[in-house]
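Shown next, in structure tokens, is the structure this report addresses.
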Amino acid sequence: MMTYTRYFQYSTVCTQRSTPSSHKFGSLELPIPSFSKPLLRDFKDNIPVGIRDAPKIIKEAPVRLLDSFVDLVFEFVDQPLLPSQSNFAPVEEIEEAVNLIYVQGSIPDGFPEGVYIRNGSNPLFGESRSAESVFGKTSSLWIEGEGMLHALYFNKDRTAEHDGGGWKIIYNNRYVETSTFKIEKERNKPCFLPAVEGNPSAVISSFILNLLRYGMPNKIMSNTSIIEHAGKFYSIAENYVPQEIDIKTLETLGDWDVNGAWTRPFTSHPKKAPGTGELVTMGAEAKKPYFELGVISADGSRLIHKVDLKFNRSILIHDIGVTRRYNVILDFPLIVDLNRVLRGGPLIKYEKEGYSRIGILPRYGDADSVKWFQVEPNCSFHVINCYEIGDDEVVVMSCRARESIIPGPDLGRNKLEWFSKGFKHVDLVEEEDDDEGKLFSRAYEWRLNMKTGEVTRQGYLTGTEFAIDFPIINPNFTGVKNRFAYAQIVDSTASSEAGMAKYSGLAKLYLDERSKVEVYKSEENQSAENMVKIEYHMFPKNTYCSGSAFVAKSGSTEEDEGWIITFVHNEDTNKSEVCLVDAKQFSREPAAKIPLPSRVPYGFHGYFASSG
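No gaps in the numbering here: position 597 of the sequence shown is 596 in numbering that gives the first Met the number 0, and each next residue is one more.
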């Protein structure tokens, strides 16, 4: 979800892909800054003949000089985690895949063979680090760690069929080996200076030095999600193009740019269009064109449509929606402004007085064909689903908060205090403190009339008993009307204590069952009508989940026939497991708990791919 460093990556794709000259660091090809090429030519002309390593020395000289400058002027400092943040700490790769023998409960009938895989931030060198220098201080965020994939493989054990059947379950984990991961791994130390959060002068100097040394202003994280398209799997964070993954070994196979047709950032949440199987994506940048939308063929070989929507501002946008005929764009006022950094301000700022709008664009439309609906300012990182009613109405559902968790507090404010207040439960907030409860996220719905241009309804679907986020649905219902949705429950108390989001349970939303619910306190005056029925599955105390995904039952005919699968960690025992929760018997104990051989840190988005 939180990969906003893509906006300091705005020149990465162009720089890296269009620079014809490069030099090697070890076995790695790195670009040479263009301004240094004349100096290198002069140096080369005057070097004594016969020096075997002259070309290598020439090519590496600028970077070595800059590296020496960085080593002299900058100091990397560890950012220790609090005890309440212990499971956000990274883990090592396991040496080889592990066969999991014990299952508490049993894998239920109808559970499909396949792989459950989750992405997440896992800093390569342990704790995140700050960089201090004469320019000031910049800090790494936990969300900027390198991507690590955690996977469980479910295969029927054919040798056990005579005893009534059995399963072979294998666990593996592995880093996503982007080009920047390889640079730092080969040098065995942090190389990229943090370039998003900190003193403006330090941010700018880090940005420039990273760009001059490595051809990109920040490293490629690839830590947010994992998707499948046309039988291939891709790891994504939206500061770069996806990386293709060998799903059997978790090996990184290289960048996916749709045969050179897509050379800009790629959303972590592309959507398959219902009916066609085409993949709808988007890419937002800090320079024009600020926002482009693309449609990729069902076989993944071609970019069949690409459009610049002519935005007049750069926004941080994490998710996109689709319906049978339309693409859905959330243009909300989380603004990215490079000029603001030069003026001494933050790169990213939620401008709550700015305009908010939702765009409905025909699948292959242009900038003139998008229909915009003005809505109240808000922050919605995750779309629940979108669908059409009849010919004229489009329904858009998301998880909505009053303000953005990104970028965090203004420079100089206490980060832990700011996040702790933001995660506070809205029913406990002090009215005079505007910071309290502003990150409390709830399901929300807009109904948009394409004929009249009116927003016929906008309001919350859930009350204030719990905050929810990271919504999921049965993927077979993406873009069409769904009766059910699921989400992770934010533990407001634990999140407030840690200053980082923790999810203590799961929620099932019955979207067609509406009732009046008393909301004791909220940030807006609104009717409690149309609140949906909710069922909860809560984990034991101090136990939290991440990367939840829906697994449809083999041969299922009902939308909620299946399971929610999720990674779960018990902070009291420091043990991790994978749980299967029956979507039809939601509040009961998990159908199966699968203990894992090592701790799995909290992460972002998960995905289940059936092999059947």
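A virtual CB, placed ideally from N, CA and C, is assigned to each residue, including glycine. Quantities reported herein were computed from a predicted structural model and do not represent experimental measurements.
request  = Measure the Cβ-Cβ separation of Asn448 and Glu558 and say whether it is below 7 Å.
outcome  = no
message = Cys378 and Ala400 - do their beta-carbons sit closer together than 7 Å?
response = yes
task = Take the Cβ of Arg456 as the centre, count every other Cβ of all protein chains shown within 10 Å, and call the residue buried at 16 or more, exposed below.
result = exposed
request  = Return yes when the Cβ of Thr266 is within less than 7 Å of the Cβ of Arg237, no when it is not.
outcome  = Here residue 237 is Glu; the residue named in the question, Arg, does not match the sequence. Contact flag set, yes.
task = Give the secondary structure of Asn45 by DSSP, where H, G and I count as helix, E and B as strand, and everything else as coil.
result = Its pLDDT being 41, under 50, Asn45 is placed unreliably by the model, and the measurement read from it follows with that caveat. Asn45 falls in the coil class under three-state DSSP.
message = Taking only three categories from DSSP, how would you classify Thr492?
response = helix
ask   = Where does Gly561 fall in DSSP's three states?
value = strand
Sequence-distant residues of its chain with Cβ nearer than 6 Å to Arg212 (five each side left out) = Val62 and Leu65
task = With DSSP collapsed to three states, give me the class of Glu143.
result = helix
ask   = Taking the C-alpha atoms as reference points, what is the distance between Ser178 and Leu80?
value = 27 Å
ask   = Looking only at its own chain, which residues have a Cβ that is under 6 Å from the Cβ of Pro273, when we skip the five neighbours before and after it?
value = Arg323, Gly478 and Val479
task = Could you name the residues of the same chain whose beta carbon sits closer than 6 Å to that of Gly144, not counting the 5 residues immediately before and after it, in chain order?
result = Ser120, Asn121 and Pro122
key: For Ser419, the three-state DSSP class (helix, strand or coil)   = helix
Terminal residues of the beta strand (DSSP E) in which Ala179 lies = It should be pointed out that residue 179 corresponds to Thr in this sequence rather than to Ala. It is not in any beta strand (DSSP E) - Thr179 instead sits in the alpha helix (DSSP H) that spans Ser178 to Arg186.
query = For Pro594, which three-state DSSP category applies?
reply = strand
ask   = Whose C-alpha, out of Ala484, Thr492 and Phe68, is nearest the C-alpha of Lys507?
value = Ala484
ask   = Who are the near neighbours of Pro111 in its chain, counting only those whose CB is closer than 6 Å to its CB and skipping five residues on each side?
value = Ser553, Ser609 and Gly611
task = Assign Gln457 to one of three DSSP states: helix, strand, or coil.
result = strand
inquiry  = Using the three-state DSSP reduction, which class does Lys552 fall into: helix, strand or coil?
reply    = coil
ask   = Using CA coordinates, which residue listed in Val114, Glu196 and Glu576 is at the minimum distance from Trp141?
value = Glu196
query = Near Ile488, what residues of its chain come up, given a Cβ to Cβ distance below 8 Å and the 5 sequence neighbours on each side ignored?
reply = Phe465, Ala466, Ile467, Tyr502, Ser503, Gly504, Leu505, Ala506, Tyr535 and Met537
task = Return helix, strand or coil for Arg412, following the three-state DSSP convention.
result = coil
query = Exposed or buried, what is Val580 when buried is set at 16 or more other beta-carbons lying within 10 Å of its beta-carbon?
reply = buried
key: Contacts around Ile244, its chain only, beta-carbon distance under 8 Å, and the 5 residues preceding and following it disregarded   = Leu148, Val175, Ile225, Phe232, Tyr233, Ser234, Glu250, Thr251 and Leu252
task = Give me the Cβ distance between Gly343 and Pro199, rounded to the nearest whole Å; I'm assuming they're in contact under 8 Å.
result = 5 Å
ask   = Going along the chain, which residues of its own chain have a beta-carbon closer than 6 Å to the beta-carbon of Val599, five neighbours each way excluded?
value = His149, Phe566 and Ser575
Residues bridged to Ser118 (per DSSP) = According to the sequence shown, residue 118 is Asn rather than Ser. According to DSSP, Asn118 bridges with Leu148.
task = Report the rounded CA-to-CA distance for Val72 versus Arg339, giving the unit in angstroms.
result = 25 Å
request  = Alpha carbon to alpha carbon, how far is Ser67 from Ser397? Give it in angstroms, no decimals.
outcome  = 48 Å
key: Thr461, buried or exposed, once every other Cβ within 10 Å from all chains shown has been counted against 16   = buried
task = Hey, could you find the ends of the beta strand (DSSP E) Asn646 is sitting in?
result = Not covered by the structure: residue 646. The range shown for the chain is 0 to 611.
message = To the nearest angstrom, how far is the alpha carbon of Glu277 from that of Val114?
response = 22 Å
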